[in-house]
Amino acid sequence: MAKERRRAVLELLQRPGNAHCADCGAPDPDWASYTLGVFICLSCSGIHRNIPQVSKVKSVRLDTWEEAQVEFMASHGNNAARATYESKVPSFYYRPTASDCQLLREQWIRAKYERQEFTRPEKQEPYSAGYREGFLWKRGRDNGQFLSRKFVLTEREGALKYFNRNDAKEPKAVMKIEHLNATFQPAKIGHPHGLQVTYLKDNSTRNIFVYHEDGKEMVDWFNALRAARFHYLQVAFPGASDADLVPKLSRNYLKEGYMEKTGPKQTEGFRKRWFTMDDRRLMYFKDPLDAFARGEVFIGSKESGYTVLDGLPPSTQGHHWPHGITIVTPERKFLLACETESEQRAWVEAFRKVVDRPMLPQEYAVEAHFKHKP
Ligand SMILES: [Zn+2]
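For the sequence shown, position 102 (counting from the first letter as 1) is numbered 102 according to the UniProt record's numbering, and the numbering increases by one without interruption.
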């Protein structure tokens with residue numbers, strides 16, 4: 001009998017909606033919450049296990065199932081749960097995938113089932129109101145210490161500001177929503193809630209690194225920033241659909257890591273730098289947590305004269321890591337070297353992804369900015 005019941009649960013996985021994790025979309029879930037009636041992946045089941053008051057989990061393949069539990073799963077399932085628990089997710093709200101950090105996935109699951117934020121819109125005020133203020137731990141530019149700073153986000157002013165002192169009248173920085181990006185970087189920042197916020201100042205990228213001890217607060221900040229970007233873009237591009245705008249609200253980097261580079265004359269010695277590929281912007285830093293880049297390179301498309309080559313020119317001088325990459329731009333060649341072959345392949349793949357994509361009209365304007373940089 002136990003065998004038949006398990007087979008019945010396994011068959012439910014074939015039903016529409018149940019072939020992917022209800023929470024992160026990973027394929028072939030083989031765990032289930034038998035109190036919520038959803039099929040989930042192993043990783044999400046670990047998060048559900050921490051919320052026992054709303055979710056109880058079982059392995060589809062290994063645990064024994066009672067008749068009533070099988071019936072409950074059959075009468076619910078992922079599509080039904082989505083219709084209930086995700087009925088009012090704001091368009092701008094970030095829906096994590098399997099590759100996102102633990103914090104984003106955990107807060108998504110808690111927001112859905114524990115706090116039921118997406119069935120009760122009044123609970124969305126912390127990120128939907130168009131104004132948010134509070135304290136975040138911000139990494140100091142010079143000594144690397146995290147200090148408590150007051151942050152204010154106002155959609156009306158189209159800006160995120162922070163203040164060095166609680167009673168300060170003038171903000172230390174005003175970050176325009178127009179050019180702002182936020183991306184979780186727990187490993188780099190060394191905190192599970194670490195968020196990197198970048199903005200443009202005089203067309204150069206600036207970084208700040210922040211966190212809040214409370215996971216909900218941090219993810220609410222992240223979604224408040226996305227909401228502000230969404231409303232800014234709705235005004236800037238009145239004809240655009242939500243589906244066009246949502247991918248532009250925040251972005252993760254295509255790739256980051258150490259490489260060695262030489263200077264424009266290519267006779268300077270190779271130096272180890274931290275590189276970040278952010279869409280078409282390749283930036284390099286002395287330290288991964290530097291406030292601003294040592295240099296930024298625009299990577300256009302092959303139609304406009306950009307090429308990525310394996311290896312370095314035979315004439316390359318000086319000691320360097322063994323696995324080379326040459327980036328050819330209309331202005332010059334950039335010689336880069338990776339420590340391992342797998343890193344080299346991953347970087348080449350990231351560069352080619354960008355070079356193979358035709359440039360959009362607005363990207364020509366960005367390219368022109370780079371050319372006129374002093
Ligand atoms: Zn999952």
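For each residue, glycine too, the CB sits at the ideal point set by N, CA and C. Please read these numbers as outputs of a predicted model, since none were measured by experiment.
Pairwise C-alpha distance: residue j and residue i
| i | j | result |
| --- | --- | --- |
| A83 | Q14 | 19 Å |
| Q107 | M73 | 24 Å |
| N207 | L136 | 15 Å |
| F237 | F222 | 22 Å |
| Y258 | K58 | 42 Å |
| D356 | S301 | 6 Å |
| Q344 | V70 | 49 Å |
| F163 | K150 | 5 Å |
| T326 | V54 | 54 Å |
| H320 | F270 | 6 Å |
| W274 | Y284 | 5 Å |
| D167 | P90 | 34 Å |
| K371 | V297 | 10 Å |
| Q116 | S87 | 10 Å |
| E66 | G144 | 55 Å |
| N78 | A22 | 5 Å |
| E178 | H191 | 27 Å |
| K286 | K261 | 11 Å |
| residue 414 | V197 | Look at the range of the chain in this structure, 1 to 374, and you will see that residue 414 is not part of it. |
| H193 | K272 | 28 Å |
| K138 | L195 | 10 Å |
| S43 | Y94 | 19 Å |
| H323 | L336 | 8 Å |
Neighbour-count burial assignment, residue i, 16 or more Cβ in a 10 Å radius
| i | result |
| --- | --- |
| residue 378 | For the chain, the structure presents residues 1 to 374; residue 378 sits outside this window and is missing. |
| M1 | exposed |
| P330 | exposed |
| R294 | exposed |
| N50 | exposed |
| D142 | exposed |
| A243 | exposed |
| Y364 | exposed |
| Q124 | buried |
| N203 | exposed |
| V9 | buried |
| Y131 | exposed |
| P264 | exposed |
| V235 | exposed |
| R251 | exposed |
| I189 | buried |
| A368 | exposed |
| L147 | exposed |
| P374 | Model confidence at P374 stands at a pLDDT of 44, short of 50, so the residue's coordinates are unreliable and nothing is read from them. |
Enclosing alpha helix (DSSP H) for residue i [first to last residue]
| i | result |
| --- | --- |
| S342 | 341-355 |
| C21 | Segment: none, C21 is in no alpha helix (DSSP H) and carries neither H nor E. |
| I177 | First-last for I177: undefined, no H or E at that position. |
| N223 | 215-236 |
| K371 | 361-371 |
| R6 | 2-12 |
| Q102 | 102-109 |
| Q69 | 67-75 |
| Y127 | 125-128 |
| C41 | Where C41 is concerned, there is no enclosing alpha helix (DSSP H), given that its DSSP letter is neither H nor E. |
| K188 | 186-189 |
| L245 | 242-245 |
Enclosing beta strand (DSSP E) for residue i [first to last residue]
| i | result |
| --- | --- |
| Y284 | 281-285 |
| H323 | 323-328 |
| S87 | Segment: none, S87 is in no beta strand (DSSP E) and carries neither H nor E. |
| S59 | 57-59 |
| I208 | 204-211 |
| A293 | Premise fails: A293 is in no beta strand (DSSP E) and is neither H nor E. |
| L136 | 131-139 |
| A337 | 333-338 |
| F275 | 271-278 |
| Y154 | The identity of residue 154 in the sequence shown is Thr, whereas the question assumes Tyr. 146-154 is the span of the beta strand (DSSP E), which, as asked, contains T154. |
Best match in the options for proximity to residue i [C-alpha to C-alpha]
| i | options | result |
| --- | --- | --- |
| G17 | P288, N203, P29 | P29 |
| T64 | P126, I40, Y34 | Y34 |
| L309 | E122, V328, R110 | V328 |
| G215 | P186, V354, F230 | P186 |
| A111 | E217, T183, N203, R165 | E217 |
| Y232 | V197, A173, L160, H193 | L160 |
| S45 | W31, G37, P52 | W31 |
| F118 | R139, A81, C101 | A81 |
| A227 | M175, N252, F92 | F92 |
| H20 | A98, R6, R7, K3 | A98 |
| D279 | Y94, S304, R352, S315 | R352 |
| T340 | G311, R332, A129, T198 | G311 |
| E133 | V152, Y127, L147 | V152 |
| F184 | V174, L200, F209, M175 | F209 |
| Y306 | P96, Y253, K333 | K333 |
Listed in chain order, which residues are found with a beta carbon closer than 5 Å to a heavy atom of ligand 1?
C21, D23, C24, A26, C41, C44
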